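Asker:
In the working numbering, the protein residues as written are 95 to 349.
(1) Relative to the C-alpha of residue 255, which candidate in 179, 224 and 132 has its C-alpha closest?
(2) Look at the alpha carbon of residue 210 and the alpha carbon of residue 258, and state the distance between them as a whole number of angstroms.
(3) Considering only their Cβ atoms, is the gap separating residue 307 from residue 233 smaller than 8 Å?
(4) In angstroms with no decimal places, state the Cα-to-Cα distance between residue 297 and residue 226.
(5) What does a CB cutoff of less than 7 Å around residue 260 pick up in its chain, not counting 5 residues either side in sequence?
(6) Using only CA atoms, which one of 175, 99 and 247 lies nearest to residue 156?
(7) In or out: residue 143 buried (at least 16 other Cβ within 10 Å) or exposed?
(8) Using CA coordinates, which residue listed in 246, 122, 117 and 230 is at the minimum distance from residue 314?
(9) Can you give me the Cβ contacts of residue 128 inside the same chain, cut-off strictly under 8 Å, excluding the 5 residues immediately before and after it?
(10) Between the C-alpha atoms of residue 152 and residue 172, what's the straight-line distance to the nearest angstrom?
(11) Measure the C-alpha to C-alpha separation of residue 303 and residue 248 and round it to an integer number of angstroms.
(12) Use the C-beta contact count for residue 137: other C-beta atoms within 10 angstroms, 16 or more gives buried, fewer gives exposed.
(13) Of all the options 284, 250 and 268, which has the alpha carbon lying nearest to the alpha carbon of residue 309?
(14) Is DSSP giving residue 261 helix, strand or coil here?
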């Protein structure tokens, strides 16, 4: 998706500020938030792609001013309500001080959802569309919803370096459109292809991208093959062609 949520594809936000000796959690509620989110996903209340999609729906100003786990809290609240696991009244009751009752109710609902939404993983075999070493071109797409392809990689040329196997397609599963299993590849990009000619010539960036993001780049592949094989060998010219071109007859070596 395009927006402030795709910080990996935007500039202008200044340098990344590092906190010396940063703790894993800044307060106890962050620790509990982390556990609750992972427990809800393990119980199949929602999946990680729906979780990311919901974070990307946070209004921009709220997103930029919220802390990391405040965004998690927003997503978990929204998804549990969206799935009918808890209601807004449950959340408001917890906010009014009935925290223990709210936690007990949420736990019971999550356990119930685990029994309802348990599914068998999709292990269907699927032939890869691309082979290792093949030149590819990323699609220049602007999806309105969740995607795992950063904006800075769109419309760029790369090479397949790894085939990680078959995985569910995040762009589909995030919106309830099915698993859409397909191969995910480790794609190599030149730094200059992504960032411009002022970057080191040997710089390489590797990204994991699904098949639906890629198209074959036959033009680059053909050029690479020509470089590897060299120019086509010259053909021997026959006697008729020599006469037409007025070339001297070939001398045969003495026997």
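Positions of the beta carbon are idealized from the N, C-alpha and C atoms, including for glycine. Treat the numbers as computed from the prediction; the structure is a model and nothing was measured.
Answerer: This is what the structure holds:
(1) 224
(2) Per-residue confidence for residue 210 stands at a pLDDT of 41, beneath the threshold of 50, marking its modelled position as unreliable; the derived number appears in the next sentence. Spanning the two alpha carbons is a distance of roughly 31 Å.
(3) yes
(4) 20 Å
(5) 220, 275, 276 and 277
(6) 99
(7) buried
(8) 230
(9) 119, 163 and 166
(10) 10 Å
(11) 11 Å
(12) buried
(13) 250
(14) strand
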